[in-house]
Amino acid sequence: MTGQTLSTPLQGVRILDLTTVVYGPFATRILAGMGAEVIKLEPPEGDILRTIGPMRNPGMGHLFLHANEGKQSLALNLKHEQGKQLALDLVKTCDVFISNIRPQPLVRLGLDAARLQALHPRLIHVSCTGYGDDGPYAGRPAYDDLIQGASGVGRIMSQYLERDPAYAPVTLADRVSGLHAVYAVTSALFARSQTGQGQTVDVTMFEAVSQFVLGDHMGGATFIPPVGEVGYPRLVSPSRKPYRTQDGFLCVLIYDDRQWADFFAAVGTPERAKDPMFLNHTARSAHINTVYAEVARLMATRTTAQWRELLDRIDVPNMPAQSLEELVEDPHHWHNGFFREVDHPSEGRLRMMGSATRWNHRPMPALSPAPRLGQHSREILRSLGFGDAQLDAWHRDGVWVGD
Numbered sequence: 000m001t002g003q004t005l006s007t008p009l010q011g012v013r014i015l016d017l018t019t020v021v022y023g024p025f026a027t028r029i030l031a032g033m034g035a036e037v038i039k040l041e042p043p044e045g046d047i048l049r050t051i052g053p054m055r056n057p058g059m060g061h062l063f064l065h066a067n068e069g070k071q072s073l074a075l076n077l078k079h080e081q082g083k084q085l086a087l088d089l090v091k092t093c094d095v096f097i098s099n100i101r102p103q104p105l106v107r108l109g110l111d112a113a114r115l116q117a118l119h120p121r122l123i124h125v126s127c128t129g130y131g132d133d134g135p136y137a138g139r140p141a142y143d144d145l146i147q148g149a150s151g152v153g154r155i156m157s158q159y160l161e162r163d164p165a166y167a168p169v170t171l172a173d174r175v176s177g178l179h180a181v182y183a184v185t186s187a188l189f190a191r192s193q194t195g196q197g198q199t200v201d202v203t204m205f206e207a208v209s210q211f212v213l214g215d216h217m218g219g220a221t222f223i224p225p226v227g228e229v230g231y232p233r234l235v236s237p238s239r240k241p242y243r244t245q246d247g248f249l250c251v252l253i254y255d256d257r258q259w260a261d262f263f264a265a266v267g268t269p270e271r272a273k274d275p276m277f278l279n280h281t282a283r284s285a286h287i288n289t290v291y292a293e294v295a296r297l298m299a300t301r302t303t304a305q306w307r308e309l310l311d312r313i314d315v316p317n318m319p320a321q322s323l324e325e326l327v328e329d330p331h332h333w334h335n336g337f338f339r340e341v342d343h344p345s346e347g348r349l350r351m352m353g354s355a356t357r358w359n360h361r362p363m364p365a366l367s368p369a370p371r372l373g374q375h376s377r378e379i380l381r382s383l384g385f386g387d388a389q390l391d392a393w394h395r396d397g398v399w400v401g402d
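Take the sequence shown: its letter number 292 is residue 291 in numbering that gives the first Met the number 0, and every next letter is one higher.
Now the structure itself:
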């Protein structure tokens, strides 16, 4: 591609996406946003994500709409031998095959890496699973809740707040793992550009989220033998939370020595910066709960607006603690085009999200709306060389569904 200009980074890359729910679809939505052609291979009943959350029409729930922009929908019956064969025919035209089906069921479908790469040696085969295909947990079913629990997310705060374990109220494990799948695909594409060979890539949720958690919290267990406890004290402090002001809440992080000195000077107690407890980062970390308590005491003495003006003036990082209702109206997001209003052909006016990345200072082009079930089935199957008479017969036999 030397000397050519690409309108999007993954222009010309074709991905067959046999993933469901959040983990895989989140990854392929990002890849679609980078310009890849993504064919979402669905069962005749559709991805279960279609049925979840607010919707105007059946099968077009809000979670599905956000996770599947920029994709085409092909609804094939992989339990039918002809459906399997059509999937294999389609694989030969693709650069990437990605699934979140467990290893043994994938073998039964004939879509495992060994078979597909025998058909298409340049294929990148990406398997997104909970625990991989080896080890004590191999082959176990996995969902976000289970991985949050297994990787410690559910218990981190309960260990320090003396409350029952709780899940983070976002699909954290799915989305962290999905980002790993994105870089796996893009790295494998780069490797293929150098070697001409495909890759078999396994992305496991348990390892992805464990790395995410333990990057902060391995602590003293990093060393053999351990030199201290696990857990990063500042992050696990029960006092680490938005500060209550006179009229609301504010997120503040006074981090380095300069910021602490300026903060105490601004509130009229410059001598506090010389207190041994506040003297440097090591001292503050050793007394983190007391440090948080002192800041909380001061924050309660002024309004949120007063604190924001003061903190901005001395360049101490702060941001409002927004509600979800406030977030979806955030002026920064609207100004930068992160939020956009689009007209969906069946779902009407929608508020959708853009990419967090810019390329040459420009956002990625807007994506096509999330598809109806089987919206592109006939078009995709025609591209494999089949005529309408044959497609109609297969449609009657339940091989495929859709338009």
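Every residue gets a Cβ at the ideal spot worked out from N, C-alpha and C, and that includes glycine.
Inter-residue Cα distance where the pair is residue i and residue j
{"i": "A272", "j": "L234", "result": "22 Å"}
{"i": "S72", "j": "V290", "result": "54 Å"}
{"i": "L40", "j": "G32", "result": "18 Å"}
{"i": "A141", "j": "G129", "result": "5 Å"}
{"i": "E270", "j": "A282", "result": "16 Å"}
{"i": "G2", "j": "G195", "result": "With a pLDDT of only 47 at G2, under 50, the local geometry of the prediction cannot be trusted, and no value is derived from it."}
{"i": "V169", "j": "R49", "result": "18 Å"}
{"i": "D255", "j": "A264", "result": "14 Å"}
{"i": "E161", "j": "A187", "result": "44 Å"}
{"i": "G214", "j": "T221", "result": "10 Å"}
{"i": "A299", "j": "L323", "result": "24 Å"}
{"i": "G384", "j": "R339", "result": "38 Å"}
Whether residue i touches residue j by CB criterion (7 Å)
{"i": "V21", "j": "A35", "result": "no"}
{"i": "G197", "j": "Q116", "result": "yes"}
{"i": "A295", "j": "Y231", "result": "no"}
{"i": "S126", "j": "D201", "result": "yes"}
{"i": "G386", "j": "P362", "result": "no"}
Residue(s) in a DSSP beta bridge with residue i
{"i": "N317", "result": "V251"}
{"i": "Q198", "result": "I123"}
{"i": "D16", "result": "K39, I97"}
{"i": "W358", "result": "R361"}
{"i": "M352", "result": "F338"}
{"i": "W399", "result": "L75"}
{"i": "R243", "result": "F248"}
Residue from the options with nearest C-alpha to residue i
{"i": "R307", "options": "P319, T300, A299", "result": "P319"}
{"i": "N56", "options": "L249, L372, L383", "result": "L372"}
{"i": "E346", "options": "D396, P224, P368", "result": "P368"}
{"i": "H343", "options": "P42, G69, T19", "result": "G69"}
{"i": "D144", "options": "Q158, D132, A172, I123", "result": "A172"}
{"i": "D163", "options": "G148, L309, R301, T199", "result": "G148"}
{"i": "Y182", "options": "D88, Q158, A207", "result": "A207"}
{"i": "M59", "options": "P370, Q389, R395", "result": "P370"}
{"i": "A260", "options": "A355, H334, V315", "result": "V315"}
Residue range of the unbroken alpha helix (DSSP H) whose run includes residue i
{"i": "H334", "result": "330-334"}
{"i": "A304", "result": "303-312"}
{"i": "S72", "result": "No alpha helix (DSSP H) holds S72; the beta strand (DSSP E) holding it covers 70-75."}
{"i": "A149", "result": "143-149"}
{"i": "L30", "result": "22-32"}
Extent of the continuous beta strand (DSSP E) run through residue i
{"i": "D387", "result": "D387 -> not in any beta strand (DSSP E); alpha helix (DSSP H) instead, spanning 387-395."}
{"i": "V341", "result": "338-343"}
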